[in-house]
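Every letter in the sequence shown is one number past the one before it in my numbering, and letter 146, counting from 1, is 156. By construction, the Cβ of each residue, glycine as well, lies at the ideal position given by its N, Cα and C atoms. Source: prediction; values computed, not measured. Okay, structure first, notes after.
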Amino acid sequence: MASDQDQFRLVSPAINQEGKLPRKYTDEGQGAKRKLSPPLEWYNVPEGTRSLALVVEDVDAPDPSGPIVPWTCWVAINIPPTLKGLPEGFSGKEEEVGGDYASIKEGNNDHKVPGWRGPKLPSHGHRFLFRLFALDDELNVGNKVTKEKVLEAMEGHVVGEAELMTKF
11 MASDQDQFRL VSPAINQEGK LPRKYTDEGQ GAKRKLSPPL EWYNVPEGTR
61 SLALVVEDVD APDPSGPIVP WTCWVAINIP PTLKGLPEGF SGKEEEVGGD
111 YASIKEGNND HKVPGWRGPK LPSHGHRFLF RLFALDDELN VGNKVTKEKV
161 LEAMEGHVVG EAELMTKF
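And the structure:
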């Protein structure tokens, strides 16, 4: 049986022991000026992985008409499995960072713009789910990348999934 150390894992060095997403990654405080994406690291990418896809959602977002509906904060696809993570502030700088990072394509969040858009919350206590999918192929979803297109294109190609839950 595999130990936790052998599992496909997603972590962030910026998230504290209580699992809190620091204010600077939100649209409140410092983050409001910079749209600063948090650093992420992953370990034990499954064998056979050809690309990674990232989906980040506020799972406690209220819909103005009533129910809780996950709010997409970030989507990124075609992350090379040779990378071990994404540095702080990576969102929107794929080409500037260059190298293997240049092939990453960021999709639209629920603000209808590409890249990380940290939360601006009507109340605190929201949970944010970071999901990293290991895929057996790269995704081709056209020019406008959305969470819905990514989830549909991934069907039958997921070889592993790692999750990180934070709160704000």
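Roughly how many whole angstroms lie between the Cα atoms of residue i and residue j?
{"i": "T2", "j": "T92", "result": "Absent from the structure is residue 2, since the part of the chain shown begins at 11 and ends at 178."}
{"i": "P23", "j": "E165", "result": "30 angstroms"}
{"i": "P129", "j": "T156", "result": "18 angstroms"}
{"i": "L31", "j": "W126", "result": "14 angstroms"}
{"i": "I89", "j": "D16", "result": "21 angstroms"}
{"i": "G160", "j": "K122", "result": "Checking the sequence, you will find Val at residue 160 rather than Gly. In a straight line, the C-alpha of V160 is about 15 angstroms away from that of K122."}
{"i": "K154", "j": "A86", "result": "12 angstroms"}
{"i": "G135", "j": "F178", "result": "5 angstroms"}
{"i": "G102", "j": "P124", "result": "8 angstroms"}
{"i": "V107", "j": "G152", "result": "23 angstroms"}
{"i": "V65", "j": "E171", "result": "11 angstroms"}
{"i": "E158", "j": "T82", "result": "10 angstroms"}
Pull up the DSSP beta-bridge partners for residue i, would you.
{"i": "S61", "result": "L145"}
{"i": "L50", "result": "L96"}
{"i": "F138", "result": "D68, T176"}
{"i": "P124", "result": "N118"}
Our contact map puts residue i next to residue j with C-beta atoms below 8 angstroms; I'd like the distance itself, whole angstroms only.
{"i": "F100", "j": "S61", "result": "Not a contact, Cβ separation roughly 16 angstroms."}
{"i": "V69", "j": "P56", "result": "That belief does not hold up - the Cβ atoms of V69 and P56 are roughly 24 angstroms apart, past 8 angstroms."}
{"i": "H167", "j": "L142", "result": "14 angstroms between Cβ atoms; not a contact."}
{"i": "F138", "j": "E67", "result": "7 angstroms"}
{"i": "L174", "j": "A63", "result": "Actually they do not touch by this definition, with Cβ atoms about 14 angstroms apart."}
Check residue i in the structure and name its three-state DSSP category.
{"i": "E158", "result": "helix"}
{"i": "K34", "result": "helix"}
{"i": "A112", "result": "helix"}
{"i": "N26", "result": "coil"}
For the beta strand (DSSP E) that residue i lies in, which residues bound it at each end?
{"i": "V168", "result": "168 to 177"}
{"i": "W84", "result": "81 to 89"}
{"i": "V21", "result": "19 to 21"}
Just to confirm the assignment, what range does the alpha helix (DSSP H) spanning residue i have?
{"i": "V107", "result": "104 to 107"}
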